[in-house]
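There are 2 protein chains.
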Amino acid sequence: MTTTLADVAARAGVSSATVSRVLNGNYPVADHTRERVLRAVEDLEYVVNGNARALAAATSDLVGVLVNDVADPFFGILASAAQAEIARGGDADEQGRAGAPGGGKLAVVCNTGGSPEAELTYLTLLHRQRAAGVILTGSAVEGSDTDAIADRLARLAASGTRVVLCGRPPLPAGPFEEGAGEPEGGNPVMTLGFDNRGGAEQLTRHLIRLGHRRIGCVAGPVDRTTTRHRLEGHRNALAAYGLARECGGLTAYGYYDRSSGHRAARELLDRCPGLTAIVAANDTVALGVIAALRERGLQVPRDVSVTGFDDLPFSVDATPALTTVRLPLHEAGARAGRLVMGRETTPGGGVALVEGELVIRESTAPPRES
Amino acid sequence: MTTTLADVAARAGVSSATVSRVLNGNYPVADHTRERVLRAVEDLEYVVNGNARALAAATSDLVGVLVNDVADPFFGILASAAQAEIARGGDADEQGRAGAPGGGKLAVVCNTGGSPEAELTYLTLLHRQRAAGVILTGSAVEGSDTDAIADRLARLAASGTRVVLCGRPPLPAGPFEEGAGEPEGGNPVMTLGFDNRGGAEQLTRHLIRLGHRRIGCVAGPVDRTTTRHRLEGHRNALAAYGLARECGGLTAYGYYDRSSGHRAARELLDRCPGLTAIVAANDTVALGVIAALRERGLQVPRDVSVTGFDDLPFSVDATPALTTVRLPLHEAGARAGRLVMGRETTPGGGVALVEGELVIRESTAPPRES
DNA sequence: AGCCGGACGGAAAGCGCTTGCTACGGGGCA
DNA sequence: TGCCCCGTAGCAAGCGCTTTCCGTCCGGCT
Numbered sequence: 038m039t040t041t042l043a044d045v046a047a048r049a050g051v052s053s054a055t056v057s058r059v060l061n062g063n064y065p066v067a068d069h070t071r072e073r074v075l076r077a078v079e080d081l082e083y084v085v086n087g088n089a090r091a092l093a094a095a096t097s098d099l100v101g102v103l104v105n106d107v108a109d110p111f112f113g114i115l116a117s118a119a120q121a122e123i124a125r126g127g128d129a130d131e132q133g134r135a136g137a138p139g140g141g142k143l144a145v146v147c148n149t150g151g152s153p154e155a156e157l158t159y160l161t162l163l164h165r166q167r168a169a170g171v172i173l174t175g176s177a178v179e180g181s182d183t184d185a186i187a188d189r190l191a192r193l194a195a196s197g198t199r200v201v202l203c204g205r206p207p208l209p210a211g212p213f214e215e216g217a218g219e220p221e222g223g224n225p226v227m228t229l230g231f232d233n234r235g236g237a238e239q240l241t242r243h244l245i246r247l248g249h250r251r252i253g254c255v256a257g258p259v260d261r262t263t264t265r266h267r268l269e270g271h272r273n274a275l276a277a278y279g280l281a282r283e284c285g286g287l288t289a290y291g292y293y294d295r296s297s298g299h300r301a302a303r304e305l306l307d308r309c310p311g312l313t314a315i316v317a318a319n320d321t322v323a324l325g326v327i328a329a330l331r332e333r334g335l336q337v338p339r340d341v342s343v344t345g346f347d348d349l350p351f352s353v354d355a356t357p358a359l360t361t362v363r364l365p366l367h368e369a370g371a372r373a374g375r376l377v378m379g380r381e382t383t384p385g386g387g388v389a390l391v392e393g394e395l396v397i398r399e400s401t402a403p404p405r406e407s
Numbered sequence: 038m039t040t041t042l043a044d045v046a047a048r049a050g051v052s053s054a055t056v057s058r059v060l061n062g063n064y065p066v067a068d069h070t071r072e073r074v075l076r077a078v079e080d081l082e083y084v085v086n087g088n089a090r091a092l093a094a095a096t097s098d099l100v101g102v103l104v105n106d107v108a109d110p111f112f113g114i115l116a117s118a119a120q121a122e123i124a125r126g127g128d129a130d131e132q133g134r135a136g137a138p139g140g141g142k143l144a145v146v147c148n149t150g151g152s153p154e155a156e157l158t159y160l161t162l163l164h165r166q167r168a169a170g171v172i173l174t175g176s177a178v179e180g181s182d183t184d185a186i187a188d189r190l191a192r193l194a195a196s197g198t199r200v201v202l203c204g205r206p207p208l209p210a211g212p213f214e215e216g217a218g219e220p221e222g223g224n225p226v227m228t229l230g231f232d233n234r235g236g237a238e239q240l241t242r243h244l245i246r247l248g249h250r251r252i253g254c255v256a257g258p259v260d261r262t263t264t265r266h267r268l269e270g271h272r273n274a275l276a277a278y279g280l281a282r283e284c285g286g287l288t289a290y291g292y293y294d295r296s297s298g299h300r301a302a303r304e305l306l307d308r309c310p311g312l313t314a315i316v317a318a319n320d321t322v323a324l325g326v327i328a329a330l331r332e333r334g335l336q337v338p339r340d341v342s343v344t345g346f347d348d349l350p351f352s353v354d355a356t357p358a359l360t361t362v363r364l365p366l367h368e369a370g371a372r373a374g375r376l377v378m379g380r381e382t383t384p385g386g387g388v389a390l391v392e393g394e395l396v397i398r399e400s401t402a403p404p405r406e407s
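Residue numbers (the numbering used here), protein chains in the order written: chain A, 38 to 407; chain B, 38 to 407.
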């Protein structure tokens with residue numbers, strides 16, 4: 038049926054051990070022999086069986102990248118950057134070892150749809166495949182399955198898989214994996230967090246300095262860490278200026294998509310027709326907010342200022358161009374990729390914070406009457 | 038080190054065969070025994086070794102989804118729909134068989150960056166892993182590696198992997214896999230093509246009917262099938278109205294991104310300041326075109342009409358909202374997913390064409406002076 | 001000329017799981 | 001009461017590859 042190592046060996050007139058060595062190039066083989074083997078491989082169109090190899094060698098060249106939503110550019114950018122880095126030949130201890138040209142590994146991105154169960158399922162599947170590494174991106178859901186996920190991650194890491202959290206808070210420092218076991222067995226779970234709190238705070242401060250006093254907030258899904266952090270940043274800014282009470286009730290929750298922004302904006306407007314600015318959960322949501330505003334005959338930023346978050350590529354094309362916080366998504370993804378490949382390490386404690394940068398464009402302006 | 042089937046068997050006081058059967062649920066096991074085994078699995082936190090399983094059973098639960106660019110919503114939507122369908126429990130011949138809950142398989146999306154070499158690399162990797170299926174999305178590059186890819190695909194299919202082409206032209210009907218072999222060995226390569234030609238033709242006809250006579254065209258990368266097809270549709274429309282000559286030179290090529298659209302539009306404008314409409318390669322490109330137009334002080338659609346293609350989510354938010362051709366991306370992705378899972382079949386010949394639908398919005402209008 | 005070590009190639013023992021086949025015990029039927 | 005068959009469980013043979021030992025051969029050194 039399918040050709041195996043033995044077939045190649047037979048055709049080349051050598052033992053299968055030799056063929057294996059030629060293919061893996063980690064043992065001296067005479068040029069003469071090598072050539073014959075390679076020709077046999079060609080002739081037979083031989084393709085190694087990755088499973089057999091992984092089983093025998095106890096290594097794998099799969100790296101999982103879990104994202105909340107592939108269709109969302111936020112994750113798309115992150116994933117694509119990480120992916121490129123993972124596929125790239127390793128400079129570290131991986132010279133030519135893996136099947137991929139140059140020692141790179143196969144990055145597989147898994148779409149969880151933001152559901153913890155799906156996350157768990159993929160994590161299990163990846164564990165099954167004995168993946169070389171896993172990158173978990175996007176905010177975590179706070180609640181029920183959190184522990185199950187943390188647990189699974191810890192076990193993955195303990196079993197030798199490199200785990201990187203990107204754009205998600207670090208794992209609670211567990212009580213050190215059931216004592217007894219191997220103290221050297223696993224590697225740490227590395228974290229690359231985004232400074233959501235800081236970014237959100239900058240945004241709101243910017244609005245306040247422009248003169249806004251009644252600022253609405255369209256937040257993300259209630260139970261997600263990212264939502265909470267951005268909200269905290271927002272509130273910190275309000276508190277700093279003694280505005281906490283005034284804007285206290287002006288928060289509406291929704292998903293990270295356009296229609297949620299649309300709906301939430303109308304809700305906010307109904308609740309408080311006098312607001313002069315809206316802080317959106319992210320750029321996509323901001324688009325929805327702007328659309329809703331426009332439908333009500335309100336102009337941005339003349340009547341209401343709007344801010345986004347992330348600075349996705351389309352933000353600059355929106356009308357008006359969005360004031361937002363730029364997250365170095367591409368760079369963060371690449372870094373996560375390097376971390377998971379063991380080609381770079383996090384400074385200390387395995388946790389790094391990625392800062393955002395306030396980008397002021399046309400969607401914010403001073404309120405009409407102060 | 039890691040716990041194996043044998044460990045579980047020992048703890049449950051049964052043979053490893055029994056444990057395997059409990060886990061796979063395809064052989065009668067007494068409830069009593071099953072329970073004991075499951076408890077042992079729990080206690081030991083046992084995770085099957087996917088590689089060993091795949092090796093022994095000669096099956097895999099990996100399905101590859103190759104896309105040109107994860108960061109592009111076009112592919113994101115396709116991939117996410119396919120993914121959902123693949124993860125879903127199979128209704129067909131896959132009840133509970135695979136490791137994933139409900140018989141779903143692990144969809145791994147691979148980012149090729151549109152490079153044929155990367156495509157080949159991933160295909161090889163997937164072949165190595167003996168993937169259960171592969172979905173190839175996006176336009177193919179016409180040239181050098183085409184044959185190599187077609188070849189690899191044919192071999193993949195012949196070796197039992199289900200192959201689906203989505204949004205890409207069917208494979209040339211090869212001279213039937215080297216005769217001799219198994220006539221029943223592999224399954225056919227299924228194709229789900231988009232009607233790029235038809236869509237593009239509708240768009241251009243729409244413009245012509247509005248009264249446009251000098252229509253520019255910003256096409257995609259020269260060597261891609263999608264580019265060629267859309268261009269052909271465009272030209273067919275022009276020819277139908279005897280406009281082929283007039284607009285003959287008004288084509289500029291570029292990538293499928295915003296900045297290419299921007300650059301190409303300026304180029305076109307320089308070449309022919311009198312044009313009244315521009316057909317863009319897709320929605321993203323259209324955004325760039327509009328930005329360029331605006332910079333030149335031209336209004337859309339008053340001075341110049343612009344059309345996109347695909348109808349990505351943001352198209353309705355653009356100002357002006359884009360006239361475009363809607364491709365049922367989500368549905369197509371889902372269908373591709375079903376095809377690759379063997380849960381659905383293509384009508385006849387293994388090739389299905391997905392039609393686009395003209396969506397008229399605000400970016401097109403009659404030219405100012407006719 | 002005899003020895004020794006290095007460079008290569010082969011034999012074979014697994015890696016962890018699936019599965020065909022066999023073994024065994026008990027209930028239903030003749 | 002004896003026999004057959006069904007419901008279960010175990011044995012053991014692989015699946016295709018890696019890798020540890022060894023054995024062999026040859027060149028160079030003493």
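Cβ atoms here follow ideal geometry from the backbone N, Cα and C, with glycine treated the same way.
Every value quoted in this text rests on a predicted model; they were computed, and no experiment measured them.
In this structure the region 74-85 of chain A does not touch the region 98-115 of chain A; the number of beta carbon pairs closer than 8 Å is below three.
For G151(A), same chain residues with a beta-carbon under 6 Å away, outside a window of 5 residues either side, are N105 in chain order. Burial check for Q336(A): the Cβ neighbour count within 10 Å stays below 16, so the residue is exposed. At a cut-off of 7 Å between beta-carbon atoms, Q336(B) makes no contact with chain A. When CB distances to chain B are screened at a threshold of 8 Å, the residues of the region 275-302 of chain A falling below it are R295, in chain order. By the rule that beta-carbons nearer than 7 Å mark a contact, S152(B) does not touch chain A. A Cβ-Cβ distance of about 11 Å is found for the pair A289(A) and A329(A), leaving them out of contact under the 8 Å criterion. When the beta-carbon positions are compared, N319(A) and D347(A) come within less than 7 Å of each other.
Under the DSSP definition of a beta bridge, F231(B) partners with V391(B).
At least one CB atom of chain B sits nearer than 7 Å to the CB of A116(A).
A116(B) carries a helical assignment under DSSP once its states are collapsed to helix, strand and coil. For F351(A), the chain B residues whose Cβ falls inside 8 Å of its Cβ are L324, F351, in order along the chain. S117(B) is positioned such that its CB atom lies closer than 7 Å to that of A108(A). By alpha-carbon distance to T313(A), the top candidate from T264(A), V201(A), V341(A) is V341(A). Here the region 382-396 of chain B makes no contact with the region 172-185 of chain B; the two share fewer than three CB pairs at distances below 8 Å.
The continuous beta strand (DSSP E) containing N148(A) extends over residues 143-148.
Residue range 288-290 is occupied by the beta strand (DSSP E) that includes T288(B). Bounds of the alpha helix (DSSP H) holding L157(B) are 153-165. One Cα belongs to I123(A), the other to T228(B), and the distance between them is close to 30 Å. Among the CB atoms of chain B, none fall inside 7 Å of the CB of R58(A). Distance check between I315(B) and each of L244(B), A276(B), E332(B), R48(B) places L244(B) closest, using alpha-carbon atoms only. Under the 8 Å Cβ criterion, the region 38-47 of chain B does not count as touching the region 247-256 of chain A, having fewer than three qualifying pairs. Per DSSP, reduced to three states, the secondary structure at V85(A) is coil, with no helix or strand assignment.
The alpha-carbon of R71(A) is positioned some 6 Å away from that of V59(A). Using beta-carbon distances, L306(B) does not count as an interface residue toward chain A, since no partner is under 7 Å.
Here A89(B) is not near L163(A), since their CB atoms are 7 Å or more apart. At least one beta carbon of chain A lies nearer than 7 Å to the beta carbon of L162(B).
A281(B) is classed as exposed because its beta carbon has fewer than 16 other beta carbons within 10 Å across all chains shown. Using a Cβ-Cβ cut-off of 7 Å, D354(A) counts as an interface residue toward chain B, since at least one Cβ of chain B sits closer than that to its own. Counting of Cβ neighbours within 10 angstroms places Y278(A) among the exposed residues, the total staying below 16. Residue range 99-104 is occupied by the beta strand (DSSP E) that includes L103(A), with no alpha helix (DSSP H) assigned at that position.
CA-to-CA, the gap between V146(B) and L160(B) works out to about 12 Å. Shown here, G334(B) sits in coil according to DSSP, grouped into three states, outside any helix or strand.
Spanning the alpha carbons of N233(A) and A155(B) requires a straight line of approximately 35 Å. Taking 8 Å as the Cβ-Cβ cut-off, the region 388-403 of chain B has no residue approaching chain A.
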